[in-house]
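If you read the sequence shown in numbering that gives the first Met the number 0, its first letter stands for residue 0, the second for the next number, and so on. Where a beta carbon is used, it is the ideal one built from N, C-alpha and C, also for glycine.
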Amino acid sequence: MTKQFEETPDSVIEKSGISRVIPCREIELSDPIKWLSLGVQDFRAAPMLSIFYGLLFALIPWTITYLVAMTGWHIVIMPALVCFMLLGPFLAAGLYDVSWELEKGHSPSIWHSLKALKRNAVNEWAFGLMLMLIMIFWLRVASLLHALYPAYLDPSLSNILPFLLVGTGVGALFTGLVFLLTAFTQPILMERQVDLATAVLTSINAVWLNKVPMLVWSAIIFTSVAIGFVTGFIGFIVLMPLIGYASWHAYIDCIETKRQRNYI
């Protein structure tokens, strides 16, 4: 069970030691499994909407792969990924709206979920731009590491192992940073009229307070994405809505609210 705060939200914010942050709760190690279970319930309650958003998430990597295969222009990967980083948060907001509507006992609809995309549009776009800048910097670092690999070396395991280890380490650092910054940022922006800095700082605080359970949750997300790629992106049709719904329940569990939530 999550640990509830007794103080009012304002007093907890003042005592948190971090300015401009919404207070959070400590969660249990098993909670990520509970989030997945609730995500499955939401998927079953809105199967058509779930498939609709799942197809959108699958269509993007399908389109990127198709363009590269048809044109041979690997340069299209960069702008395509930029577009995905900008549009991804809006697609996720639609999934969160479905779970939120189910929580309130309403019947979710495509139109209502699409309207959720403009609820905090300025900060949503700012969030997308932040993700895009991080991604561009990540790609630049990866290109630099590739450029440092001596062209004259044979591509044997012993020769490329140091570069693989360095690349894996850098990738892990970037992945951890992105997860820290974004784990709860999107649902906060969608439900609350707060600025991007408040949402990001709240996400950092919540993840840092719940390091071990959030490590389990990040492993579940990574495994789901890996399955999606292994299945030629078909797995995204089911897995991305499931992860989206579960992320909403993670947000409800982790971030303190002014009133009791009645869904879990």
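- Isoleucine 133: member of the alpha helix (DSSP H) spanning 120-146, first to last residue.
- Per DSSP, threonine 197 is one residue of the alpha helix (DSSP H) stretching across 195-208.
- Nearest to tyrosine 148 by alpha-carbon distance, out of Leu214, Trp207, Leu160, is Leu160.
- Linking serine 49 to asparagine 119 through their CA atoms gives a straight-line distance of about 22 Å.
- Secondary structure of isoleucine 254 (DSSP, three-state): strand.
- Taking C-alpha positions only, valine 67 is separated from methionine 134 by approximately 19 Å.
- For alanine 57, the enclosing alpha helix (DSSP H) stretches over residues 46-70.
- Taking a 10 Å sphere around the C-beta of glycine 93, we find 16 or more other C-beta atoms and assign the residue as buried.
- For glutamine 192, there is no enclosing alpha helix (DSSP H), as DSSP marks it with neither H nor E.
- In this structure, phenylalanine 126 sits away from leucine 200, with a CB-CB distance that is not shorter than 8 Å.
- Between leucine 179 and isoleucine 203, the CB-CB gap stays under 8 Å.
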